[in-house]
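Chains as they are written, first to last, in the working numbering: chain A, 86 to 431; chain B, 86 to 431.
2 protein chains.
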Amino acid sequence: MSAAVKRRPEASVRIAGGRFMVIGGASLVGSATCEELLRQGAAEIRLFDNFSFGSGEAIAHLKDDPRVNVVQGDILRLHQLLHATEGLDGIVHLAAFMTLSMDRDPWSGIDVNIRGVQNVLEACRASKVRKVVFASSNAVYGYGPGVKGDLVEETPFHSVGAPPAAILYGASKIIGEQLCRDAHRRNGQDYVVLRYSTVYGERQHYRAANALYIVETHDAVKRGERPVVIGDGSETKHFVYVGDLARANRMALESDATDVAVNTSGPEPVTTLELVTLVAELSGRPDLEAEHREPDPGKVRLTSGGAFMIDHKAAEGAIGWKPEVGMREGLKRLLAWRNSQTPVAT
Amino acid sequence: MSAAVKRRPEASVRIAGGRFMVIGGASLVGSATCEELLRQGAAEIRLFDNFSFGSGEAIAHLKDDPRVNVVQGDILRLHQLLHATEGLDGIVHLAAFMTLSMDRDPWSGIDVNIRGVQNVLEACRASKVRKVVFASSNAVYGYGPGVKGDLVEETPFHSVGAPPAAILYGASKIIGEQLCRDAHRRNGQDYVVLRYSTVYGERQHYRAANALYIVETHDAVKRGERPVVIGDGSETKHFVYVGDLARANRMALESDATDVAVNTSGPEPVTTLELVTLVAELSGRPDLEAEHREPDPGKVRLTSGGAFMIDHKAAEGAIGWKPEVGMREGLKRLLAWRNSQTPVAT
Chain A
86 MSAAVKRRPE
96 ASVRIAGGRF
106 MVIGGASLVG
116 SATCEELLRQ
126 GAAEIRLFDN
136 FSFGSGEAIA
146 HLKDDPRVNV
156 VQGDILRLHQ
166 LLHATEGLDG
176 IVHLAAFMTL
186 SMDRDPWSGI
196 DVNIRGVQNV
206 LEACRASKVR
216 KVVFASSNAV
226 YGYGPGVKGD
236 LVEETPFHSV
246 GAPPAAILYG
256 ASKIIGEQLC
266 RDAHRRNGQD
276 YVVLRYSTVY
286 GERQHYRAAN
296 ALYIVETHDA
306 VKRGERPVVI
316 GDGSETKHFV
326 YVGDLARANR
336 MALESDATDV
346 AVNTSGPEPV
356 TTLELVTLVA
366 ELSGRPDLEA
376 EHREPDPGKV
386 RLTSGGAFMI
396 DHKAAEGAIG
406 WKPEVGMREG
416 LKRLLAWRNS
426 QTPVAT
Chain B
86 MSAAVKRRPE
96 ASVRIAGGRF
106 MVIGGASLVG
116 SATCEELLRQ
126 GAAEIRLFDN
136 FSFGSGEAIA
146 HLKDDPRVNV
156 VQGDILRLHQ
166 LLHATEGLDG
176 IVHLAAFMTL
186 SMDRDPWSGI
196 DVNIRGVQNV
206 LEACRASKVR
216 KVVFASSNAV
226 YGYGPGVKGD
236 LVEETPFHSV
246 GAPPAAILYG
256 ASKIIGEQLC
266 RDAHRRNGQD
276 YVVLRYSTVY
286 GERQHYRAAN
296 ALYIVETHDA
306 VKRGERPVVI
316 GDGSETKHFV
326 YVGDLARANR
336 MALESDATDV
346 AVNTSGPEPV
356 TTLELVTLVA
366 ELSGRPDLEA
376 EHREPDPGKV
386 RLTSGGAFMI
396 DHKAAEGAIG
406 WKPEVGMREG
416 LKRLLAWRNS
426 QTPVAT
C-alpha cells in the first residue's frame with residue numbers, strides 16, 4: 086500500500102480470553118482459523134455455518150473442545166446473526182460462493198456474497214462487535230489476459246475474456262469490501278480485509294477452481310492415471326497454505342490496523358505444470374507425466390493466460406504477516422492428510 | 086471492440102408495430118425513449134416504474150397517447166414483472182440507483198441494481214421477450230485517478246481513491262452486465278448493453294452526481310449568484326444528450342447485434358470549468374464567473390482528477406449509432422425546457 090495504514094488502539098483485539106465467531110467455520114480455512122484462535126487462548130469460538138458447503142468432517146477434530154460452539158445458521162437470516170453475534174469481540178467472515186458455485190447458482194451466490202455481508206455487518210453494528218476480518222480474494226483483480234505482472238492492492242479489476250461467473254464472483258468481493266469500508270465510515274466498524282489467494286491444505290475440498298488441480302492430480306496418479314493439464318500449463322497460480330491464512334486471520338484481529346485491504350498470498354507463484362508435476366512427485370508417481378488437453382468451452386476453468394505474482398508486502402506492513410509455508414511443504418501436509426482419509430472422495 | 090460483434094437476425098426487433106416496455110420509464114432517459122419508440126411506430130409502450138425516483142411530471146406529455154400504458158410496479162417483485170412482460174417484443178431496462186442514492190441507501194441500491202436485473206431477465210426468459218437493452222454506465226471503468234486517457238470497452242475497473250458508494254454503483258453495473266451475458270449463455274437471451282455516460286437534457290433531475298453541475302449552475306446564476314466549482318474544475322466530464330441516448334436504445338433494439346456492451350457518450354468531453362462557464366453563458370449571465378471551493382470530504386462528489394475521453398466508436402460498429410447533439414445545443418434545449426417550468430425545483 087502506498088497510503089499509510091490507518092491504526093486505532095481500539096482496533097486491536099486480544100485473542101486470549103476473547104470471544105470470536107468464524108462464519109463459514111466448517112470449511113478449509115474456517116476449521117484452521119478456529120484451531121489457531123483456540124491455540125492462542127480464545128475463551129469461546131462460535132462456529133457459524135449453514136453446512137451447505139461446510140461439513141461436519143471439517144470440524145470433527147474441534148467439536149470436543151468445550152470452548153467451541155457450533156451454531157447452525159444462515160447469514161441470509163439476519164435474526165440468526167443478531168443472536169449469534171451477542172457478546173463477541175471479533176468475527177472472521179469466510180462464508181461465500183466461489184466461482185464454480187456462482188456458475189451453478191448465481192442467484193444464491195449473489196445473495197450470500199453481498200446481502201450476506203450486509204447482514205453480517207449489520208449484526209456486528211447491533212451487537213457492537215469490535216472487529217471484523219473479511220475474507221476477500223485476489224479475484225478483485227479479475228481474470229483473463231489483463232491480469233499479469235505484480236498484483237498489488239491498487240491493481241484494477243480486469244474482466245475481458247473471463248466467464249460471467251468469475252466476474253460475478255470478483256465483483257461480489259469488490260462489493261463486500263466496499264460494504265466494510267462503508268460500515269467503517271458510517272458506524273466506525275473496525276475491519277481488515279484479507280484478499281486470499283487460492284487456498285490449499287489439510288481438509289482440502291473440491292470447490293475452488295484453482296485448487297482442483299491439486300486434488301484431481303493426486304486422485305489421478307493414485308489410480309495410476311496421468312494427471313491432466315488444460316492447455317500448456319504455463320499460466321501462473323499463486324496459492325497460500327491454509328495454516329498461513331489462519332495465522333493471517335488471527336493477526337488481523339490482533340492488529341491495530343483498520344479500514345485496510347491487503348493481499349495474503351503464499352511465498353511465490355507456480356505454473357500449473359510445475360504444480361501438477363510436484364503433486365505427482367509427492368504422491369509417489371513422478372513417472373506419470375502431465376497430459377495436456379484443450380479447454381472445454383462449456384466448463385468454467387480459469388486460465389489467466391499470463392504470468393502474475395500476488396504481492397503480499399502490504400500485509401506485512403499492515404498486520405505484520407507474511408507467509409511461512411512453501412508449496413512443497415504445504416502440499417506434503419495436504420497429501421499426508423488426504424492419505425490418512427478413507428476412501429478417496431469423489 | 087477489437088472482437089467481432091455477434092450478430093443474429095432474430096436479435097433484430099422491428100419497432101413499428103412492436104410492443105415494448107421501458108423499465109424506469111418515468112425518468113429522464115425513460116420518457117425520451119418512450120417518445121422515440123412511439124415516433125417510430127411502436128404499437129404499445131408499457132411504462133413500468135415504481136415512482137420512487139420517477140415522477141408523473143416526467144411522463145405527463147406521454148399519458149394521453151393511447152399506445153402508452155403506465156404500469157406502477159417494482160422490479161423487486163418478480164410476479165409484477167412476469168405479468169408486465171407478457172407479449173412484449175423488447176425491453177429497455179433503465180431502473181437503477183445511481184451513486185448518490187446508493188450512498189443514501191446501499192441496501193436498496195444493491196437490491197435494485199442486482200436482484201432487480203435478475204428479476205427482469207428471469208421475467209424476459211419466462212415471457213420469451215426477444216431483446217433486452219440494459220442501461221449500464223461508464224461507472225464500469227470506475228473512478229479516481231486511475232481513470233484517464235481513452236476509455237474503451239476493454240478498460241478495467243479502477244477504484245483506488247473512490248468513495249464506497251461510487252464503487253458499489255460501478256460494481257453493481259458490472260454485475261448487471263454479466264447477468265445479461267449469463268442469460269444469453271444459458272437461455273439464448275438476446276441483449277445489448279449500453280454504457281451510458283452522464284445524461285443530460287430536457288426533464289433533467291437532481292439525482293446524477295455529475296449532471297448536478299448543470300442544474301446547480303443554472304439555478305445559482307438565475308439567483309444572481311456565482312456558480313460553484315469544486316476544486317480547480319480541470320477534471321473531465323463526458324456527457325451524452327438524452328435524445329441521443331433514446332435513439333441508441335431504439336437502435337440497439339433494431340440491431341441484429343447481441344451479447345455485446347458498448348459505450349454511448351456524447352461527441353466530446355468537457356472540463357467542469359468549461360461546462361459551468363457554458364451554462365452561465367447560456368443562462369444569460371456570462372459575467373458570473375465560477376467560484377472555486379475545496380471538496381467537502383463528507384460529500385460524495387466525484388472528481389476524476391484526470392483527463393479522459395469515453396470512446397463511442399464501438400457503438401457505431403455494433404448498432405450503427407453515434408451521438409449527434411453537442412454540449413452547446415443540448416444545454417440550450419435543457420435550459421429552454423427548464424425556463425418553461427415554474428418555479429425552480431429545489
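For each residue, glycine too, the CB sits at the ideal point set by N, CA and C.
Note that the coordinates shown come from a computational prediction; the quantities given were computed from them, not determined experimentally.
For residue 252/B, no pairing in a beta bridge is given by DSSP. At a beta-carbon threshold of 8 Å, none of the residues of chain A lie near residue 208/B; the nearest stands roughly 14 Å away. For residue 192/A, the C-beta contacts it makes with chain B under 8 Å involve 203, in order along the chain. Residue 253/A reaches chain B at 260 and 263, counting residues in chain order whose Cβ is nearer than 7 Å. Every alpha helix (DSSP H) stretch that sits fully inside the region 175-234 of chain A and reaches 4 residues is listed by chain position as 184-189, 191-195 and 201-212.
Contact between residue 179/A and residue 104/A does not hold, since their C-beta atoms are separated by about 17 Å, which reaches or exceeds 8 Å. Just so you know, the alpha carbons of residue 346/B and residue 336/A end up roughly 43 Å apart. Segment contact: the region 146-161 of chain A against the region 87-96 of chain A, fewer than three CB-CB distances shorter than 8 Å; contact not assigned. Under the Cβ distance rule, residue 245/B counts among the residues neighbouring chain A, one pair being separated by less than 8 Å. Exclusion of the five residues before and after residue 226/A leaves 232, 236 and 240 as the residues of its chain whose Cβ lies within less than 6 Å of its Cβ. Within the same chain, 268, 272 and 274 come within 8 Å of residue 210/A by CB-CB distance, once the 5 residues on both sides are set aside.
Distance from the CA of residue 201/A to the CA of residue 371/B, rounded to the nearest whole angstrom, comes to 52 Å.
Closer than 8 Å to the CB of residue 227/A there is at least one CB belonging to chain B.
The bridge partners DSSP lists for residue 346/A are 278/A. The beta carbon of residue 267/B falls within 8 Å of a beta carbon belonging to chain A, placing the residue at that interface. For a cut-off of 8 Å, the C-beta gap from residue 338/A to residue 126/A is around 13 Å, too long to register as a contact.
One alpha carbon belongs to residue 277/A, the other to residue 238/B, and they sit about 32 Å apart. Under the Cβ distance rule, residue 270/B counts among the residues neighbouring chain A, one pair being separated by less than 8 Å.
In the assembly as shown, residue 112/B is a buried residue. Its beta-carbon has 16 or more other beta-carbons within 10 Å. If you compare the alpha carbons of 153/A, 219/A, 295/A and 318/A with that of residue 206/A, the shortest gap goes to 219/A. Listed along the chain, the chain A residues whose CB falls inside 8 Å of the CB of residue 219/B amount to none; the nearest CB is some 14 Å away. Neighbours of residue 242/B across chain A, judged by C-beta separation under 7 Å: 241 and 242. In this chain, the alpha helix (DSSP H) harbouring residue 334/A covers 327-339. DSSP, reduced to helix, strand and coil, places residue 157/A within a strand of the structure shown. Within the model, the alpha-carbon separation for residue 195/A versus residue 266/B is close to 16 Å.
Here residue 298/A carries a helix assignment [DSSP, helix/strand/coil].
CA-to-CA, the gap between residue 199/A and residue 257/A works out to about 6 Å.
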